[in-house]
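According to the UniProt record's numbering, the residues represented by the sequence shown are 1 to 297, in order.
Notes for the one structure printed next.
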Amino acid sequence: MSSQRPGNTFRNMSQQPRPKASNASTPRDSKTERTAGQSRSSRGTGAQKYAGSSAWDRTRRFMRERPMLERVYRICLKAFLWLFFGSIGYVIVLKYVPVWVTPLVVSRWIDTIGTNESSHVYKKWRSYDVISKEAALAVVASEDQAFPTHWGFDFNEIQDAIKENEKRERPRGASTISQQVAKNVFLWNGRSYVRKGLEVYFTVLIELVWGKKRILEVYLNVAETGPMTFGMEAASQRYYGHSAETLSRNEAARMAAVLPNPRLFSISNPSNYIQRRTRQIARQMRYLGGQRYIRNL
């Protein structure tokens, strides 16, 4: 028999080092901390959230996170593009097509509803070549003597009007013929920054697309020349009994004299002021050199 005794298994096992107790909560706590950190970072400010990206990227990301706002933005953008390109198309069409109806004509016709005034509109389109050049010269001499040379705006006249209006009770306008055409053909009556801004837009547009001759042709056909009367041809037939093709210088000057307020002043029954104003316009027509002044529009 072997003299070697078996070892004390229980004792040996008891002497083995005990495994360290694992910290079961550590992984869970680490995960919780990571989640909390992510949550804190997601609640950061907008500047921290979008840091490092361009302004356009930040705007697009901001819109994507708000579907309703993005939908409204897309609708407004589409409406703007339709109006923008539609206005350009309309201006191009009117370069070749007579302007039969304007917002001013519609407004005057609506004003007669429910009143004793006649609702008949006196309006007849005539091409620039048919209308007497005395009429064209008269409105240039009266309304806008720099018309052949400016690009839609007479800035010298605007500055003079601003200085004069500081002392005048009734403000004096400085609108050019181009601005008046833009207002009468495309816009509504009234005074507001929105309408004035649109007037500037359409003035630039017709100067670029139409040119001077077409602008003056439209003005001679759409300008209000009396109660429910629009254009030189309609006024000439109604008040003088003949076509605008045969207007004399004095007749054309009197028609131009009433243009600032054709509902107050009368062509057929001119006041002393209109008669004096007619003589002034006729003198200006001579000083400008007669019809040669508008020959090369």
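Ideal placement from N, C-alpha and C gives every residue a C-beta, glycine not left out.
Check your understanding: For T59, which three-state DSSP category applies?
Key -> DSSP places T59 in helix when its eight states are reduced to three.
- Item | Nearest-angstrom Cβ-Cβ length linking A136 and I294, presumed shorter than 8 Å | Yes, they are in contact, since the Cβ atoms of A136 and I294 sit about 6 Å apart, within 8 Å.
* Using the C-alpha atoms, what's the distance from T59 back to N296? -> In this model, N296 and T59 are separated by some 52 Å (Cα to Cα).
At the level of alpha carbons, what is the spacing between V72 and F80? Each residue's alpha carbon lies about 12 Å from the other.
*asked:* At the level of alpha carbons, what is the spacing between S25 and K78?
replied: With a pLDDT of 48 at S25, under the threshold of 50, the modelled position of that residue is not reliable, and the figure given next carries that caveat. Just so you know, the alpha carbons of S25 and K78 end up roughly 57 Å apart.
Item to complete: Grab me the residues of L198's own chain with a C-beta within less than 7 Å of its C-beta, minus the 5 sequence neighbours each way, in chain order.
Response: Answer for L198: L187, listed in chain order.
For this session: Whole angstroms is fine: what's the gap from A182's alpha carbon to R279's?
Result: Near 29 Å, if we compare the C-alpha coordinates of R279 and A182.
Practice item. Please list, in chain order, all residues of the same chain as R263 whose beta carbon is under 7 Å from its beta carbon, the five residues on each side excluded. Key: Only P227 meet the Cβ criterion.
Note to self: For H242 and K163, what's the separation of their Cα atoms in angstroms?
What the structure shows: H242 and K163 have their C-alpha atoms some 42 Å from each other.
Terminal residues of the beta strand (DSSP E) in which residue 302 lies
The question about residue 302 has no answer here: the residues shown for the chain are numbered 1 through 297.
Exposure label - D57; buried when at least 16 CB within 10 Å: Under this definition D57 is an exposed residue.
Looking only at C-alpha atoms, which of S236, L208, Y273 and M232 sits nearest to L88?
Reading the sequence as shown, one finds Ile at residue 88 and not Leu. Out of S236, L208, Y273 and M232, L208 has the C-alpha closest to the C-alpha of I88.
Residue closest to residue 316, alpha-carbon to alpha-carbon, out of Y122, R126, V97 and V99:
What the structure shows of the chain is the stretch from 1 to 297, and residue 316 is not part of that stretch, so it cannot be assessed.
Contact defined as beta carbons within less than 8 Å: I believe D144 pairs with T102. What is the distance between those atoms, to the nearest angstrom? Not confirmed; about 19 Å, so no contact.
| query | Hey, A253 and A138: beta-carbon distance below 9 Å or not? | reply | Cβ atoms of A253 and A138: closer than 9 Å.
Checklist entry - How would you label I215, buried or exposed, when you count the other beta carbons within 10 angstroms and need 16 or more for buried? => result Counting the other Cβ atoms within 10 Å of the Cβ of I215 gives 16 or more, which makes it buried.
Quiz item: With distances taken between CB atoms, is the gap from S132 to A244 smaller than 9 Å?
Solution: Yes.
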